[in-house]
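Here's the structure, in structure tokens; my notes come after.
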Amino acid sequence: MGALRVTADGLFAVAGQLEQHAQALSAHVISGAVLPDGQSTADVVAEIQSRVDAASAAHAERIWSVASSLTAAGRAYTASDSSASAALAE
Amino acid sequence: MAELELPTLAQITDWDVQHLVDAAAEWNKTADLWENSFHDVWQGTLRPGGTTWEGSAAENAQDIAWRDLVKVRGSADALRTAANIAHTGASSLSDVKRLALNAIDEARTNEFTVAEDLSVNEVRYRFVARERESRESLADDHSADIRHFAANLVALDRDIAHRLRATMSGIGAPIYSV
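In order, the protein sequences belong to chains X and S.
Under my numbering, the first residue of the first sequence carries the number 44, and numbering increases by one thereafter.
Under my numbering, the first residue of the second sequence carries the number 7, and numbering increases by one thereafter.
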């Protein structure tokens with residue numbers, strides 16, 4: 044197995060790990076807690092919680108995207124390795 | 007500055023800071039989750055599967071992952087700042103609430119009632135004439151103390167809210183690298 048295949052397998056493994064991070068971020072929701080009425084801090088806490096949830100969702104999307112790119116890169120390396128093997132066999 | 011609307015007796019008694027305590031814990035946890043996730047992304051691009059990754063594709067991926075991490079660290083730091091404001095704010099609000107409740111208890115100990123609107127009223131129906139003036143003066147003192155701490159409670163809550171709001175612009179999702 045050549046260096047390219049090692050890199051490809053490594054990229055597939057990393058992509059799998061990143062998908063787990065993305066799932067954890069996607070599931071991380073903190074808004075929705077009961078907040079006291081008539082306190083200024085309650086209103087701003089609610090706003091920040093919503094903003095945090097939106098950011099976590101955006102981070103999850105970003106990591107999904109990175110994982111997808113790494114998987115694509117791994118496939119490209121695998122294809123190159125196969126092409127190189129085929130060229131040598133000719 | 008506009009005069010603060012004072013809370014009622016029930017609002018002081020029920021004043022809650024648990025939402026700030028809980029938020030501080032959640033925000034710190036979330037900041038760690040964000041930062042650790044993007045740190046792992048960056049680390050993953052350096053040595054995928056334990057093998058050093060080199061070449062232009064590697065450099066591109068590593069550069070993007072590093073820039074994402076730097077941006078997310080900025081958001082995580084802003085979130086930790088908000089968590090710190092919430093945590094210390096909860097403690098300060100609890101202190102002021104305790105002072106307000108102590109002032110209310112003190113009035114009651116001196117045989118006054120404290121109404122929902124925080125007015126302090128005489129309980130005794132009979133006392134000698136010379137006591138009347140000093141009792142009225144004492145009621146005024148209790149009323150001033152209670153209103154002072156009640157106003158502080160509202161003002162502090164608003165100040166904490168204002169400082170939390172100031173951190174919000176840094177908390178949103180960053181614009182990621184292309």
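Glycine included, C-beta positions come from ideal geometry on N, C-alpha and C.
Range covered by the alpha helix (DSSP H) that runs through residue i
i: residue 102/S; result: 62–115
i: residue 84/X; result: 83–132
i: residue 166/S; result: 135–173
i: residue 26/S; result: 24–52
i: residue 15/S; result: 15–19
Residue i burial status per 10 Å Cβ neighbour count (16 or more: buried)
i: residue 24/S; result: exposed
i: residue 131/S; result: exposed
i: residue 71/X; result: buried
i: residue 134/S; result: exposed
i: residue 88/S; result: buried
i: residue 105/X; result: buried
i: residue 82/X; result: buried
i: residue 138/S; result: exposed
i: residue 175/S; result: exposed
i: residue 18/S; result: buried
i: residue 163/S; result: buried
i: residue 37/S; result: buried
i: residue 57/S; result: exposed
i: residue 53/X; result: buried
i: residue 22/S; result: buried
Nearest-angstrom beta carbon gap, residue j and residue i [assumed within contact, 8 angstroms]
i: residue 129/S; j: residue 115/S; result: Wrong, their Cβ atoms sit about 11 angstroms apart, outside the cutoff.
i: residue 155/S; j: residue 109/S; result: 5 angstroms
i: residue 79/S; j: residue 41/S; result: 6 angstroms
Residue interval of the beta strand (DSSP E) (run including residue i)
i: residue 119/S; result: 118–120
i: residue 128/S; result: 126–128
Cβ-based neighbour list, residue i, same chain, cut-off 7 angstroms, excluding 5 preceding and 5 following
i: residue 157/S; result: 10 and 12
i: residue 44/X; result: Here the model assigns residue 44/X a pLDDT of 43, short of 50, so the residue's position is not dependable, and the following value carries that caveat. Counting only Cβ-Cβ distances below 7 angstroms, and skipping sequence neighbours, we find nothing.
i: residue 125/S; result: 149
i: residue 57/X; result: 113
i: residue 97/S; result: none
i: residue 95/S; result: 26 and 166
Candidates the options, of which the one nearest residue i by Cα
i: residue 51/X; options: 120/X, 110/X, 92/X and 91/X; result: 120/X
i: residue 178/S; options: 65/S, 33/S and 168/S; result: 33/S
i: residue 103/S; options: 137/S, 110/S and 159/S; result: 159/S
i: residue 31/S; options: 61/S, 60/S and 90/S; result: 90/S
i: residue 60/X; options: 109/X, 126/X and 128/X; result: 109/X
i: residue 187/S; options: 169/S, 113/S and 86/S; result: The structure shown has nothing for residue 187/S, since chain S only spans 7 to 184.
i: residue 84/X; options: 64/S, 40/S, 50/S and 28/S; result: 28/S
i: residue 171/S; options: 93/X, 65/X, 66/X and 107/X; result: 93/X
i: residue 26/S; options: 121/S, 100/S and 111/S; result: 100/S
i: residue 152/S; options: 105/S, 173/S, 117/S and 20/S; result: 105/S
Close beta carbons around residue i, own chain, < 8 angstroms, minus the five adjacent residues each side
i: residue 130/X; result: none
i: residue 47/S; result: 71, 74 and 75
i: residue 88/X; result: 78
i: residue 59/S; result: 51, 52, 53, 67 and 68
Cut-off 6 angstroms between Cβ atoms - residues of its own chain near residue i, not counting five sequence neighbours on either side
i: residue 93/S; result: 30
i: residue 118/X; result: none
i: residue 35/X; result: For chain X, the structure presents residues 44 to 133; residue 35/X sits outside this window and is missing.
i: residue 77/S; result: 180
i: residue 55/X; result: 117
i: residue 65/X; result: 103, 106 and 107
i: residue 122/X; result: none
i: residue 182/S; result: 74
i: residue 169/S; result: 91
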